[in-house]
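K.L.:
Sharing a structure, written as structure tokens. Questions coming.
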Amino acid sequence: MKLSIDPLDEHCSLLTRRHFFGRNARGLGIAALAGLLNKDLAASETPAKISHGALPGLPHFAPKAKRVIYLFQSGGPSQMELFDYKPRLVEFQGKDLPESIRMGQRLTGMSASQSSFPVVPSKFAFDRHGSSGAWVSELLPYTAKISDQLTFIKSMHTDAINHDPAVTFLQTGAQIAGRPSMGAWVSYGIGSETEDLPNFVVMISPGSGTGGQPLYDRLWGSGFLPSRYQGVKFRSVGDPVLFLSNPKGFTSDDRRRYLDTLGQLNQIELDDVADPEISTRIAQYEMAYRMQTSVPELTDLSKEPQSVLDLYGPDVKKPGTFAANCLLARRLAERGTRFIQLYHRDWDHHGKLPQDLPKRCRETDQAAAALVTDLKQRGMLDDTLVIWGGEFGRTVYCQGRLTETEYGRDHHPRCFTVWLAGGGVKPGVTMGETDDYGYNVTKDPVDVHDLQATILHCLGIDHTRLTYKFQGRHFRLTDVAGNVVKPLLT
Amino acid sequence: MRLFPVAVVAFLPAMWGATETVEFNRDIRPIFSDKCFACHGPDAGNRKTKMRLDQESGAKIALSGGRNTLVSGDPEHSEIFRRITSESKTLRMPPAYLGREKLTDPEIDLVRRWIAQGATWQKHWSLIPPVRPAVPDIKAREWPRNPIDNFVASKLEREGLVPAAEAGKATLLRRVTLDLTGLPPSPADVDAFLNDNSANVYEKAVDRLLASPEHAERMAFRWMEAARYADTNGYQSDGNRDMWRWRDWVIDAYRRNMPFNQFTIEQLAGDLLPNPTLDQRIATAFNRNHRTSAEGGIVPEEFRVEYVADRTETTSNVWLGLTLGCARCHDHKYDPLLQKDFYRMFAFFNNVPEKGLVYNWGNEEPYIKAPTPAQQQTLKKWDDKIAASESRWNALAPKVSKDQLKWEKKMAKSRAADWTLTDGLVFRQAGVGEKITGCGEKGVEKPGEHCSLPTADAPIGAARAFDGKQFIEAGPDIANFEYLDPFTFAAWVKPDSAKGAILSHSEEYFEGTGHGLYVIDGKLRLHIVFRWTDIGLRVETAAPLKLHEWQHVLVTYDGKRKASGVTMYVDGKPREMKILFDDLNWPMKSKVPFRIGAGGGLRFSGEIGDVRVYNFALSPEQAAIIPLRQSIHEIAAIPFSDRTPAQLDKLRLAFLAKASPKNVRAAQQELAGLREGREGYYKTIPTVMVMVESEKPRDAFILRRGAYDNHGEKVVAGVPGVLPPMKPEWPNNRLGLARWLVDRGNPLTARVTINRFWQMYFGTGLVKTVEDFGSQGEWPGHQDLLDWLAVEFMDSGWDVRALQKKIVMSATYRQSSRTTPDLLQRDPENRLLARGPRLRLGPEMVRDQALAVSGLLVEKVGGPSVKPYQPAGLWQELAGGKGYEPDKGEGLYRRSIYSFWKRTSPPPFMVNFDSPNRETCTVRETRTDTPLQALDLMNDESFLEAARRLGERVIKDGGASPEARIDYAYRLMLARAPKASEKQIMLQALDSFDARYKADPKSATEFLSYGSSARDANLNTADLAAYTAVASLLLNLDETVTKQ
């Protein structure tokens, strides 16, 4: 589907979809439309587009991945308890984090004025898994089982130290609001493979605890890109897409009749005033009608075999859970949605980490692994890039009260772990290392722009050449930075 | 490569014929700017060589080997030309290694001809102050209605085009009514207009519309977008704020047609005007509308700098049309703006006494109470009543004294119980409210039993001895004060150790959540803590308490979350305090018991007696009488002249509480009641965050790479060097800056402002890049018109309304928007203005129009934001919590300017229809067309209710026949009668829905169930359902959502 008034884009889709436009094309020949609809091209603010809304020349090279599923774990999952195994921490337990490790780096206002920074090792056990021998903790047994499919980056680091700027940075390439989100950039750059569903879909699941840190619409916003590139939120309550359902007492047949009437009336106006915007509007109403069928078909899980449901775990039947969203993500991927962004909230464990972290893991572990397995079984993992990770890591030192059973960890931007799987990345690889404290990256650092550049690269996009001119400047997702992490690529 | 040739487009330089003179500003600067300036432009930090193309002197330099960058008249010997045409990958500019494409052939041709014609430079056009251009003479002399048309026609004639005919009368009235008020004309307006044949009928309509309050609302809405107005803070937890009094101010300013220069000065610097009025201070909220963060753990300075930068960028963008923000981290890459220029502007906005970490539950300082005019009246009534009551009270004074004297004599002989202050006393050791749940080393070891701690002799009341291990525990409900609750803690203490807990309602470790009264380093200490490291309030006495001696300690907190609201008394006297931490902004939600002799992991060694907790902050007089050891009987026996002030106070308070005659008590209660009433009312008065200048300005620095903590050179406030300087007689502060912005010599403000106005009518500015008048901005195709309007605007005394009138009175504006394939081919965006504007309405107009035609609209100007319908759950799924609760009643039907705007989850309808997100300043209008908009207009409760009400209206007021009703519906919606073909189609639709709903009444009832307004029970259900469907069709017509 294209959410579009872009003239050329629209023109091309009209050419391919004469079935519902043909009868309305009396007033203005298609050829005439072709000529007049290219108005924005000349202003040269944005390059021209070809069919399915991709920019000309894009992809820049053959893509390995056609789509992205980003399993964002909001709040900052602790790498210390999940992936970044640090056996020597037992030796350092309770001792103050040495200045030689901290090196005066800034801390958040929540722990900066703590009187001490006692090191606390993970309460949870680690083991090596698969033929790649990846370290994964006991909290993620399902992830551990598929670790040979995954690429771990243990050397991620970010500039931001608080949630809002950090999540905004990961999703838009800048800490301050106003830039387009990654999904919007991708939609803008390489367009869509579906005409009946949104090209960039967002799904949110809360943690079962407090729900977690808030999210913000800007994280899937289009920034200065036209608003048609913004993510469409699929909801578990009410209509999956806002205002999708016809009102009660108004059937799909009623809507069809209604739209036929509306189309005739708008056509009369088009004949009179010759404004091509009217054709666009007619087309958008028809697309809305198609969405009314395609979205319910998408969210109807009744035809999924029990074996698939079992794979994702019992939560899969509860709308709005991470498991249900993972399965919907696969269904969207099958139907051509380009960028599928999940958020699972409530990973912000400043305190009571030993109690709360396992809950988040239980809510996500099985379904995330199932998604990778399911995609692989269907032969889709090769051209789908799956990413799992949060906005930053957590400190090796304890925040707040340290007791035998209880501790917390503050935000830690200096290192954290993400994993990737599928289209374009090498499976069974672990990249990057951190010091014995899990505090600083010691080998192969990857920053946020690097990750973004790499994701775009897998999609066949040169991140330096996907730009949009706004306020006189050629903006890009990776700002003025970012290097593709080549060793990860297949 | 472009798919289509660009020959049809109006303002691309390549269009100008080969013989025409190449003009640097029009033709060459855009190429150099976009393709070359990044490395050969104003940014010294990024300049690769000496050569820079933004200045003539920097561009014409000699190179080694006798070559020259530019040889006037000789492209072939100009190195620049050689480089841009080179086929060599290493030589060619812009370089391939930066991912840049070669210049296009037309661009290269332009550069060649420009060099051949002498390679002359021009200063950037927008930096040269506008002078009034001569109004061009044109052939079509009968066409112009004002000089705007001469400029437009002159260009059209050069292009070989003719203007369109004037739009039909009704079309024109709908267009101008929507443009000037954001609402459609009523059928009565249309009829009156059509029936009036006077020559100035249009002008009369324009004057009427311009004078309406709806016009002020329409103008205010766009200004709110530029001013990034919202009802929430915007970052992370996105708490609410109250800025609507500023919105009221803006509407009022437009209603009064405040000149734009005054409008500017009051909003940027109203507080710095001599004796500023309340309104002038409210105006300055403009620069407090930016987003703020209440996210725990942020580095406050990082965000404070962000707020100042936002003000700097917004102000530069709105008034100067400059992207000064691009110079925040380095010199500007395209415009002659240095990084230092950014930080000199920054310095103007850097002196607000503000915090980086703001309050999440309301306005952050500095803010002011901003009563509305009606509230000011009510306040005055309260004050008058209080004054009258006070004078009645004062008149009673002699009698009160006499009565008290009599009472004192009686008291001196009496042996009755002493009096003490019991109002608001919620806990007293061994007295009121004492519910001991346990005591001992673990507090709860002997629940229900009487406390076994040894008793001690306190100066007053009961006391216990504490051994540094044991403590007394009471229930968790006692003293469970939230951070906004005032309270008083008092006790007699005899400490044996310099560290201990007197009383607490706090977690059992030193940095835990809760509040408590402690002895730390011998000093009396109050803690109110949410999170030790960053959210809480901690104060202590400057001097230590005495060990091993009884002293009375008393601490009051006024519930206003500031250390300044804490007073600490020792032995009845307020003591000097040291503020240790002063950032209390979050609820505590503490579920621990109240304890004496324990808290924060500490215990008490020594004795504690007469612990008291009051649920309000005692006054100094009250605080002084608590520790008095003498009973009222003993004081009464002391000769009057020997009594201390505290003794006198105690007697007076006891007398008034216990023994005063009825009329005295009544007068006293009346006054107290009035004062309380006024206080209660005062609390309901809105506040608004405003600009305030610190007494001592903050130092400002260049921030290297824009980083908040990377101070470079210190700078003083000032305007960008490339623009005219400020006059010496102006103060070098925001007021001077504001005067400079609206000074006649400023080349930008008037142009930028009228360009934004132009965009409101034609959808596109005369300079399309309304936010960028710099090198990368669009060169104006009608610069003469832009300059003429700018000068006219200034000459008129910045008369905003006169300028709107000028635009809508022009023949240019009044043209029909009908077009032809030929004209579309020639000028698809209507930049030449050979036809009238035809544009989709802004989101607020789409909704307001639906409310208006359905008769639901509640027209009430100003006031707090309202909450119209919104699908349930949108706020919760992002952030949990209570979520959005739509209003009941009129809040559902107010104009969209008043809709509550939550930045992290804006109203979905507004976002669907391309509303700016209000996170940062937005001045460019954008329009898209998406299926989500279609779904919204068809299925959103707001529009379903509007359709139902429109259906009712059509049935009731539209006549008896379906034909008449369809006619009426069209006139309501589109200000015109339906064409025969349209009527035919509508009647068919009506028939078919009518048949369908007659056959299925249940569906009809369901279809009519939307919206909370009542349904007219007298109307036939199937009938109404059919008309509702037709009304919905009307609301969804392209023409409906379009101004044409």
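So the protein lines, in turn, are chains A and B. Just so it is clear: in the first sequence, position 115 is 115 by this note's numbering, and no numbers are missing. Just so it is clear: in the second sequence, position 252 is 742 by this note's numbering, and no numbers are missing. In this text, a Cβ means the ideal position worked out from N, Cα and C, and glycines have one as well. These figures come from a predicted structure and were not determined experimentally.
1) Per DSSP, which one or two residues make a beta bridge with valine 386(A)?
2) Using DSSP bridges, identify the partner residues of isoleucine 455(A).
3) Over what stretch of residues does the beta strand (DSSP E) that includes arginine 1015(B) continue unbroken?
4) Could you tell me which residues DSSP pairs with isoleucine 521(B) in its beta bridges?
5) With a threshold of 7 Å on Cβ separation, who are the neighbours of alanine 453(A) within its own chain once the five nearest residues in sequence on each side are excluded?
6) When DSSP labels each residue in this structure, what does tryptophan 1220(B) get in the three-state scheme?
7) So, under 8 Å CB-CB, leucine 560(B) and isoleucine 605(B) are touching, yes? Tell me the CB distance rounded to an integer number of Å.
8) Can you tell me whether serine 460(B) is helix, strand or coil according to DSSP?
9) Evaluate contact between the segment 315 to 325 of chain A and the segment 288 to 295 of chain A, counting only Cβ atoms and requiring at least three cross-stretch pairs below 8 Å.
10) Between which residues of its own chain and aspartate 984(B) is the CB-CB distance below 7 Å, once the five residues before and five after are set aside?
11) Taking tyrosine 258(A) as the query, report the chain B residues whose CB atoms sit under 9 Å from its CB, ordered along the chain.
12) Please list, in chain order, the residues of the segment 92 to 126 of chain A that have any C-beta partner in chain B closer than 7 Å.
13) Which residues does DSSP pair with threonine 978(B) in a beta bridge?
14) Look at the alpha carbon of phenylalanine 200(A) and the alpha carbon of phenylalanine 416(A), and state the distance between them as a whole number of angstroms.
15) Give the secondary structure of serine 208(A) by DSSP, where H, G and I count as helix, E and B as strand, and everything else as coil.
16) What residue range is occupied by the uninterrupted beta strand (DSSP E) comprising glutamine 1423(B)?
17) Closer than 7 Å, Cβ to any Cβ of chain A: which residues of the segment 1364 to 1377 of chain B, in chain order?
18) Decide if glycine 556(B) is buried, meaning its Cβ has at least 16 other Cβ atoms within 10 Å, or exposed.
19) According to the neighbour-count rule (16 or more other Cβ atoms, all chains shown, within 10 Å of its Cβ), is valine 480(A) buried or exposed?
20) So, for alanine 528(B): in the same chain, excluding its five sequence neighbours on each side, which residues have a beta-carbon less than 6 Å away from its beta-carbon?
21) Can you find a C-beta in chain A that's less than 7 Å from the C-beta of phenylalanine 1094(B)?
22) Just to confirm, are alanine 1107(B) and threonine 912(B) a CB contact at a threshold of 7 Å?
23) Using a Cβ-Cβ cut-off of less than 7 Å, list which residues of the segment 1309 to 1321 of chain B approach chain A; keep chain order.
24) Answer with yes or no whether the minimum CB distance from glutamine 493(A) to chain B is below 7 Å.
25) So which of Arg235(A), Arg102(A) and Arg67(A) has the shortest CA-CA distance to glycine 1363(B)?
26) Note down, in chain order, every chain D residue with its Cβ under 7 Å from the Cβ of arginine 281(A).
27) Tell me the residue span of the beta strand (DSSP E) that contains isoleucine 1387(B).
28) Hey, how far is the Cα of alanine 166(A) from the Cα of glycine 76(A)?
29) Please identify the residue among Ala657(B), Phe683(B), Ala775(B) and Asn636(B) whose C-alpha is closest to the C-alpha of methionine 714(B).
30) Would you mind sorting threonine 610(B) into buried or exposed? The rule is 16 or more other CB atoms within 10 Å of its CB.
31) Is it buried or exposed, valine 621(B), if we count other Cβ atoms within 10 angstroms and call 16 or more buried?
32) With a threshold of 7 Å between beta-carbons, can proline 487(A) be considered close to chain B, or not?
33) Taking 7 Å as the cut-off, decide whether the C-beta atoms of threonine 1518(B) and arginine 1438(B) are in contact.
34) Using a Cβ-Cβ cut-off of 7 Å (strictly less than) and excluding sequence neighbours within five positions of alanine 144(A), which residues of its own chain qualify?
35) Give the residues of chain A in contact with lysine 613(B), contact being defined as C-beta atoms less than 9 Å apart.
36) Is it right to say leucine 466(A) is buried, meaning 16 or more other beta carbons lie within 10 angstroms of its own, or is it exposed?
P.N.:
By the coordinates alone:
1) Translated into the one-based positions of the first sequence, residue 386(A) becomes position 386. Ile69(A) and Ala421(A).
2) Working through the first sequence from its first residue, we reach residue 455(A) at position 455. According to DSSP, isoleucine 455(A) shares a beta bridge with no other residue.
3) Your numbering for residue 1015(B) matches position 525 in the second sequence. Annotation for arginine 1015(B): the continuous beta strand (DSSP E) segment containing it runs 1013 to 1021.
4) Counting from 1 along the second sequence, the entry for residue 521(B) is found at position 31. Isoleucine 521(B) pairs with nothing; no bridge assigned.
5) Against the first sequence, residue 453(A) aligns to sequence position 453. Cβ contact annotation for alanine 453(A) (same chain, cutoff 7 Å, sequence separation greater than five): His463, Thr478, Gly482, Asn483 and Val484, in chain order.
6) By 1-based counting over the second sequence, the position of residue 1220(B) is 730. Judged by DSSP in its simplified three-state form, tryptophan 1220(B) adopts coil rather than helix or strand.
7) Here the question's residue 560(B) lines up with position 70 in the second sequence. Here the question's residue 605(B) lines up with position 115 in the second sequence. With a contact defined as Cβ atoms closer than 8 Å, leucine 560(B) and isoleucine 605(B) qualify at about 7 Å.
8) For residue 460(B) there is no data in the structure shown, the boundaries of chain B being 491 and 1534.
9) Short answer: they don't touch.
10) Taking the second sequence and counting its residues from 1, the one referred to as residue 984(B) is at position 494. Position check: residue 984(B) holds lysine in this sequence, whereas aspartate was assumed. If we look at lysine 984(B) and ignore the five residues flanking it on each side, its Cβ neighbours are His1038, Glu1039, Trp1040, Gly1096 and Glu1097.
11) By one-based count along the first sequence, residue 258(A) stands at place 258. Within 9 Å Cβ-Cβ: Met1428, Ala1479, Phe1483, Ala1519, Ser1522, Leu1523 and Asn1526.
12) Answer in chain order: Arg106, Thr108, Gly109, Met110, Ser111, Ala112, Ser113 and Gln114.
13) Along the second sequence, one-based indexing puts residue 978(B) at 488. According to DSSP, threonine 978(B) bridges with Thr1046(B) and Tyr1104(B).
14) As a position in the first sequence, residue 200(A) is number 200, starting the count at 1. As a position in the first sequence, residue 416(A) is number 416, starting the count at 1. Across the structure, phenylalanine 200(A) and phenylalanine 416(A) are spaced so that their CA atoms are roughly 26 Å apart.
15) Numbered from 1 along the first sequence, position 208 holds the residue referred to as residue 208(A). In the structure shown, serine 208(A) adopts coil according to DSSP, grouped into three states.
16) On the second sequence, residue 1423(B) is found 933 positions in, with the first residue counted as 1. Per DSSP, glutamine 1423(B) belongs to no beta strand (DSSP E); it is in the alpha helix (DSSP H), 1421 to 1429.
17) Taking 7 Å as the cut-off between beta carbons, the residues of the segment 1364 to 1377 of chain B near chain A are Glu1367, Leu1368, Ala1369 and Gly1370, in sequence order.
18) Taking the first residue of the second sequence as position 1, residue 556(B) is located at position 66. Glycine 556(B) comes out exposed.
19) Counting from 1 along the first sequence, the entry for residue 480(A) is found at position 480. Exposed, because fewer than 16 other Cβ atoms sit within 10 Å of the Cβ of valine 480(A).
20) As a working mapping, residue 528(B) is identified with position 38 in the second sequence. Counting only Cβ-Cβ distances below 6 Å, and skipping sequence neighbours, we find Lys823.
21) On the second sequence, residue 1094(B) is found 604 positions in, with the first residue counted as 1. Closer than 7 Å to the CB of phenylalanine 1094(B) there is not a single CB belonging to chain A.
22) Here residue 1107(B) refers to the residue found at position 617 of the second sequence. Here residue 912(B) refers to the residue found at position 422 of the second sequence. Their beta carbons are not under 7 Å apart, which means alanine 1107(B) does not touch threonine 912(B) by this criterion.
23) Within the segment 1309 to 1321 of chain B, the qualifying residues are Thr1309, Thr1310, Pro1311, Leu1314, Gln1315, Pro1318 and Glu1319.
24) No statement about residue 493(A) is possible, as the shown extent of chain A runs from 1 to 490 and does not include it.
25) Position 873 of the second sequence, counting from 1, holds the residue named residue 1363(B). Nearest to glycine 1363(B) by alpha-carbon distance, out of Arg235(A), Arg102(A) and Arg67(A), is Arg235(A).
26) Structure shown: chain D not included; protein chains present are A and B.
27) Within the second sequence, residue 1387(B) is the residue found at index 897, counting from 1. The continuous stretches of beta strand (DSSP E) do not include isoleucine 1387(B), and DSSP gives it neither H nor E.
28) Here residue 166(A) is taken as the residue at index 166 of the first sequence, counted from 1. Here residue 76(A) is taken as the residue at index 76 of the first sequence, counted from 1. In a straight line, the C-alpha of alanine 166(A) is about 10 Å away from that of glycine 76(A).
29) As a working mapping, residue 714(B) is identified with position 224 in the second sequence. The candidate whose alpha carbon is nearest that of methionine 714(B) is Ala775(B).
30) By one-based count along the second sequence, residue 610(B) stands at place 120. Threonine 610(B) comes out exposed.
31) As a first step, residue 621(B) must be located in the second sequence, where it is residue number 131. That one is exposed.
32) The residue you call residue 487(A) lines up with position 487 of the first sequence. Chain B, which has no Cβ nearer than 7 Å to the Cβ of proline 487(A), makes this no.
33) As a first step, residue 1518(B) is located in the second sequence; it is residue number 1028 there, counting from the start. As a first step, residue 1438(B) is located in the second sequence; it is residue number 948 there, counting from the start. Using a Cβ distance threshold of 7 Å, threonine 1518(B) and arginine 1438(B) count as a contacting pair.
34) Residue 144(A) sits at position 144 when you count from the first residue of the first sequence. These residues qualify, in order along the chain: His129 and Val136.
35) As a working mapping, residue 613(B) is identified with position 123 in the second sequence. Correct list: empty, because the minimum Cβ distance to chain A is about 18 Å.
36) The residue you call residue 466(A) lines up with position 466 of the first sequence. By the 10 Å Cβ count, leucine 466(A) comes out buried.
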